[in-house]
Amino acid sequence: MIIRKAEYTASAVNRQQYPENSGPEIALAGRSNVGKSSLINKFINRKNLARTGNTPGKTQMLNFYHINDEWFFVDLPGYGYAKVSKDVHSRWGKMMEEYFSTRENLRAVIQVVDIRHKPSAEDQEMQAFLRTRGIPVLVAATKADKIARGQWPKYLKVIAESLNLPDWQMILPFSAESGNGLDDLHKAVEEILTV
Ligand code: GTP
Ligand code: MG
Numbered sequence: 025m026i027i028r029k030a031e032y033t034a035s036a037v038n039r040q041q042y043p044e045n046s047g048p049e050i051a052l053a054g055r056s057n058v059g060k061s062s063l064i065n066k067f068i069n070r071k072n073l074a075r076t077g078n079t080p081g082k083t084q085m086l087n088f089y090h091i092n093d094e095w096f097f098v099d100l101p102g103y104g105y106a107k108v109s110k111d112v113h114s115r116w117g118k119m120m121e122e123y124f125s126t127r128e129n130l131r132a133v134i135q136v137v138d139i140r141h142k143p144s145a146e147d148q149e150m151q152a153f154l155r156t157r158g159i160p161v162l163v164a165a166t167k168a169d170k171i172a173r174g175q176w177p178k179y180l181k182v183i184a185e186s187l188n189l190p191d192w193q194m195i196l197p198f199s200a201e202s203g204n205g206l207d208d209l210h211k212a213v214e215e216i217l218t219v
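With this note's numbering applied, the sequence shown covers 25 to 219.
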């Protein structure tokens with residue numbers, strides 16, 4: 025996929041704030057600080073269009089990025105950040121529930137996990153939730169630069185088992201640092217957008 029144009033469109037905490045401009049959407053879900061925003065930036069080859077950082081919880085709203093004037097990446101706020109208050113946590117839940125249950129433009133979710141870590145209970149819940157809703161989900165195991173390539177299968181098998189995926193080769197190893205997996209991710213997104 026050639027990225028001709030990528031621009032930030034909107035941030036939203038409820039459906040009234042979603043962009044009206046219709047077009048298919050691919051949302052990024054994953055633990056806080058796992059690398060969702062970095063994956064978007066790498067994908068569109070921009071340093072910091074999607075804001076990234078070391079502080080978990082950097083992305084607190086749904087952020088919409090319009091790609092090639094055709095489709096959107098939706099950067100979802102991360103889950104599993106222990107320090108947020110109960111209030112913030114319940115707001116997060118409502119925000120996600122509203123998006124997943126009302127957004128007809130949603131075509132698929134890229135669930136981002138850290139290749140080094142066994143998925144958390146929240147990762148498992150998210151995977152199960154998306155499956156129950158019949159939302160297509162692609163698992164990307166990011167920060168693959170942190171592990172030698174020869175070791176990837178070992179780690180991907182742990183992730184597959186924990187998320188109940190039938191085959192670890194369904195998981196896409198990725199690195200926003202090295203660009204590993206970028207071509208495959210571009211292909212996967214193209215496929216999602218053509219069905
Ligand atoms: P929230 O917005 O808080 O949910 O986080 P996020 O999932 O958007 O994570 P973000 O992209 O901001 O990245 C968090 C940290 O991980 C940053 O310091 C990134 O530089 C680092 N990071 C992200 N992807 C990679 C990667 O592929 N490899 C390495 N080594 N570091 C990465
Ligand atoms: Mg982010």
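Backbone N, C-alpha and C define an ideal beta-carbon position, used for all residues, glycine too.
- Straight across, the Cα-Cα distance linking A184 with P197 is about 12 Å.
- Straight through space, the alpha carbons of Q40 and V133 are spaced by roughly 21 Å.
- A distance below 8 Å between beta-carbons, with the five flanking residues on each side excluded, links L180 to the following residues of its chain, in chain order: I139, A165, W192, Q193, I195 and P197.
- Within the segment 146-213, complete beta strand (DSSP E) segments of at least 3 residues are found at 161-166, given in chain order.
- The segment 96-116 makes contact with the segment 46-62, as at least three CB pairs between them are under 8 Å.
- When C-alpha distances from H90 are compared across L206, A200, I68 and Y32, the shortest belongs to Y32.
- Runs of the beta strand (DSSP E) spanning 3 or more residues and lying entirely within the segment 59-105 occur at 86-91 and 95-99, in chain order.
- Under DSSP, E128 forms no beta bridge with any residue.
- A straight-line Cα-Cα distance of about 10 Å links G102 and L86.
- In the three-state reduction of the DSSP assignment, Y32 falls in the strand class.
- With a contact defined as Cβ atoms closer than 8 Å, S144 and G104 qualify at about 6 Å.
- With contacts defined as CB atoms closer than 8 Å, V163 and L187 qualify as a contacting pair.
- In this structure, the beta-carbon distance from S62 to R75 does not fall below 8 Å.
- For T156, the Cβ stays outside the 7 Å cut-off from all heavy atoms of the ligand MG.
- Counting the other CB atoms within 10 Å of its CB gives V219 a total below 16, which places it among the exposed residues.
- At a Cβ-Cβ threshold of 8 Å, N204 and D147 do not count as neighbours.
- Of the candidates W176, I27, P43 and I26, P43 places its Cα closest to the Cα of A34.
- G47: not part of any beta strand (DSSP E); DSSP gives it neither H nor E.
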